[in-house]
Every structure is written in structure tokens, then in C-alpha cells.
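For reference, the structure is listed below as C-alpha cells.
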Amino acid sequence: MPQRFSERVLAWWRRHGRKDLPWQREPTPYRVWVSEIMLQQTQVGTVVGYFDRFMARFPDLEALATAPVDEVLGLWSGLGYYARARNLHRAAQEAHVLHGGLPADLEALAALPGIGRSTAGAILALGHGRPASILDGNVKRVLARHAGIDGWPGETAVLHRLWALAEERTPEHEAGPYAQAMMDLGATLCTRANPCCGDCPVAADCVAQREGRQRELPAPKPRKTTPERETWMLLLYDAAGAVLLERRPPSGIWGGLWSLPEAASADEADARARELAGRTPATWQALPPFRHAFTHFRLRIHPLAGRLHGPAAVGVKDTAQVWYKPGQPPPGGIPAPVASLLEQPARAAATNDREDISQ
DNA sequence: AATGCGGGGTT
DNA sequence: AACCCAGCATT
74 MPQRFSERVL AWWRRHGRKD LPWQREPTPY RVWVSEIMLQ QTQVGTVVGY FDRFMARFPD
134 LEALATAPVD EVLGLWSGLG YYARARNLHR AAQEAHVLHG GLPADLEALA ALPGIGRSTA
194 GAILALGHGR PASILDGNVK RVLARHAGID GWPGETAVLH RLWALAEERT PEHEAGPYAQ
254 AMMDLGATLC TRANPCCGDC PVAADCVAQR EGRQRELPAP KPRKTTPERE TWMLLLYDAA
314 GAVLLERRPP SGIWGGLWSL PEAASADEAD ARARELAGRT PATWQALPPF RHAFTHFRLR
374 IHPLAGRLHG PAAVGVKDTA QVWYKPGQPP PGGIPAPVAS LLEQPARAAA TNDREDISQ
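Numbering of the first sequence is given in this note's numbering, commencing with residue 74 and proceeding in unit increments.
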């Protein structure tokens, strides 16, 4: 029977854990608090460049509480999530007035703006050495794997299970080192992509390790229904029946391929035609729209056909345009949905993607 | 319960 | 180019 979970984690941390991050030197509740706020959804390496500068300017809670908010935001700029800085400043003022400093209990801490359950636990455990639990991304990952907890942690039920486990496993003594150890375990061994289970102190009874499910846990956020974008593709024909093609930018969707000019809406078709060919067709004919699926989104294509009358079309503006006669060898690669559109403009939808015609 | 916040790293 | 990161507040 292996040792208690927390004992193994702590023993590992004493040998391999991180102990000299900026906020671990002189870990006062105030410094722990500031670091925890900076570290919300922000990686350690990023925060390292900000923490000491911030502490030099605002060495204690009173310095922060009495500073202008703009100065706080100034030292935050580049970190992102600027509401964190505003909340930090407000919380400093509230704590200063209401408690004469940072409170030292879970409820009062979590009542301050920007401090939730996990950050409050971190301040107590890391800053006061009191028994309290944290549940950040690292701990979620370690616990979900070790206990084999299925489901996305964003789901309330899963989150509740994880919190229950987190508290159940927090030792009465050394909660601070334990919290740090769990984060270090998640950050250095039990990483998202390539966990080093061979070095893990709790691999012996890890469900994910036993079942080879490290890659599946914790479950990722369910993918949203692939977003749908739409575009209007212009079939601009000249008097000879050639259609104008445009070479797409080298990178991005259909990079470097020859495709139809596009407009962001039917209303912009005329303006695009003027840009491209110097004039506009008398009328546009709307062909049946259809969908094309990419990995990350679906594109709803509205073909618009128009014939340019009068003398032969003006010469192409640059090498990124060509008048292409359907049936001739193409100037280069053509995206499949565009190719089918060129072959059978009126039937493109039917031949390309029958089920996607509607809506 | 779902979404916005945000710049940066990883894959 | 998603996806994620020492989460929390808001809706």
C-alpha cells in the first residue's frame, strides 16, 4: 500500500519542486495575493517579468491602496485581463478600510473583488501556512488524471467532484507546500501534452496511468459547433465567356490557389466588380448558395454571376488576376468548390453538396 | 450554465 | 490556428 497521496507529493516536492520563484521569496500574504492575481490564466514565465517591478512600486497593501489606478494599470500593461488590475486595486482599498489589511479567512478574502475560492485558498495556504485548498488548472489536471474523473472541468458537476477531491487530499499540516507541490507537479510532470509518468510520485495508483488515458484527461472543452462564415463569390464573365479569377494570398485558406473574387455581401458586388474589372454588370444573377466544410469552420458560398458587356474586358490589373476560359487548362490550383462552380454554375450546389443546399 | 476577458506559449 | 494557461465576474 503506497503512502498517503499528500505525503508522496510532498516528498517529491522537497526534492524536485520549485522554491525560488519571485513570489516564493518572502511569501507574505500580500505578495502571494498579488502573484496569484497575476497568475490567473497567465503562465509563470510571463508573470516573472512583471512581479518584481510591481512589488517595487507597491511594496505593501497600503501603497497599492493609495496609488492612482492608472499607475496600477500602467504596471499591468501587457499582462492582459485588465479587470484583474482594477479589482486588485479596489480590493486593496476595501481591505485597507474594512480590515486594516488583507483579511485572513476564506470568506472575507473571497468577498474581495478578484479573489475567488482558489485564490483565497492560495493566500491562506501559501501566505499563512493555514490548511486550505486550491484548484487551478494544474491541480485539476493532476486530480482528474489520478482519480480518473471524466468530463470537462468547466461543467459544474465535474468541478464539484474536483473540489471535493482537492479538499479531501489537502493535509492538515504543510498545506502551503502541498499546494505548491500540486502546482509544480502539474506544471513540470503532469503536463497536458506529454506527462512524465515515470517520474511521478503518485503514478502507482493513478487511474489515467493504469488505463493509459493520460491524453484524454481532463476532458477538453467541448468543441463549439463549427462556426459558419459566408461569402459572396463573383462569377464575372466577359463578352467571350471568360471568367475572372484571382490568386489568393499565399497563406490562409486556399493559400496560393486561384479562386473567384469574393465580396462580403451582395451589396458590395458592384464595388468589387469596379475594383476588379473597371465596370459592373447590368445585372447579377444569384445562383443557389451551398456550403463547403473546412476543419474549423464552414463556409456558406453565395455565387453571384454577371456578364460584362461592351468591348473586351480591360486588361488584368496585375499578375494576381486572370481571365479564365472554362474548359481550358487552369492557371494553377483551383479550390474544389470553385472548380465545380466554374463547370456547372447553376448546378454547383447539387453536384457538390446536395445535402447542404437548404438554408 | 455560459460567456467575456487577453496576451503568449504549445502543439 | 485551435487550444490552453496559478480564474473570476457577469449574465
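We put the beta carbon where it would ideally sit given N, CA and C, even for glycine. Quick caveat: nothing in here was measured; it's all calculated off a predicted structure.
Q | Whole-angstrom C-beta distance between Ser206 and Glu240, which should lie under 8 Å | A | Distance from Glu240 to Ser206 at the Cβ level is roughly 5 Å; contact confirmed, criterion being Cβ atoms closer than 8 Å.
Q) Within 10 angstroms of its Cβ, does Thr119 collect 16 or more other Cβ (buried), or is it exposed? A) With fewer than 16 Cβ atoms within 10 Å of its Cβ, Thr119 is classed as exposed.
**Q.** Simplified DSSP assignment, three categories, for Gly90
**A.** The three-state secondary structure of Gly90, taken from DSSP, is coil.
Q) Taking DSSP as the reference, what is the three-state secondary structure of Tyr397? A) Tyr397 falls in the strand class under three-state DSSP.
Q) How would you label Thr356, buried or exposed, when you count the other beta carbons within 10 angstroms and need 16 or more for buried? A) Exposed is the call here.
Q: Would you tell me roughly how many angstroms separate the C-alpha atoms of Asp93 and Arg302, rounded to the nearest one?
A: In this structure, the alpha-carbon of Asp93 lies about 48 Å from that of Arg302.
Q.
Judging by CA-CA distance, which residue of Pro186, Thr115 and Gly174 is the nearest neighbour of Gly151?
A. Checked all of Pro186, Thr115 and Gly174; the closest Cα to Gly151 is Thr115.
Q: Count the C-beta pairs between the region 335 to 348 and the region 271 to 291 that are closer than 8 Å, then say yes if the count reaches three, no if not.
A: Short answer: they don't touch.
**Q.** Expected contact under 8 Å - CB spacing of Pro354 and His375 to nearest Å
**A.** Going by Cβ atoms, the distance from Pro354 to His375 rounds to 16 Å, so no, they are not a contact pair.
Q: With DSSP collapsed to three states, give me the class of Thr353.
A: Of the three classes helix, strand and coil, the one that applies to Thr353 here is coil, per DSSP.
Q: Go ahead and pull the three-state DSSP assignment for Leu83.
A: Assignment of Leu83 by DSSP, reduced to helix, strand and coil, places it in the helix class.
Q | Given Asn267 as reference, the closest of Gln287, Ala140 and Tyr310 once Cα atoms are compared | A | Closest in alpha carbon position to Asn267, among Gln287, Ala140 and Tyr310, is Gln287.
Q | Spatial distance of Arg235 from Cys263 (CA atoms) | A | Here residue 235 turns out to be Leu, not Arg, going by the sequence shown. The straight-line gap from Cα to Cα measures roughly 16 Å.
Q) What number of angstroms, rounded off, separates the C-alpha of Ala158 from the C-alpha of Val170? A) Distance between the alpha carbons of Ala158 and Val170 is about 19 Å.
Q: With DSSP as the reference, label Gln432 as helix, strand or coil.
A: Confidence at Gln432 is low in this model, with a pLDDT of 23, below 50, so its placement is unreliable and the value that follows should be read with caution. The DSSP-derived three-state label of Gln432 is coil.
Q: Kindly indicate the opening and closing residues of the alpha helix (DSSP H) around Arg296.
A: DSSP places Arg296 in no alpha helix (DSSP H); its state is neither H nor E.
Q | Asn167 to Trp106 span [Cα, whole Å] | A | Residue 167 is actually Glu in this sequence, not Asn. When the Cα atoms are used, Glu167 and Trp106 turn out to be separated by approximately 14 Å.
(Q) Threshold first: 4 residues or longer. Then list the alpha helix (DSSP H) segments lying entirely within the region 123 to 165, N to C. (A) Listed in chain order, they are 134 to 138 and 142 to 149.
Q) When the Cα atoms are used, what is the spatial distance from Trp96 to Val121? A) Note on geometry: alpha-carbon atoms of Trp96 and Val121 lie some 9 Å from one another.
Q. For Ala198, which option in Ala177, Ala217, Pro186 and Leu185 has the closest C-alpha, if you only look at C-alpha atoms?
A. Cα-wise, what sits closest to Ala198 is Ala177.
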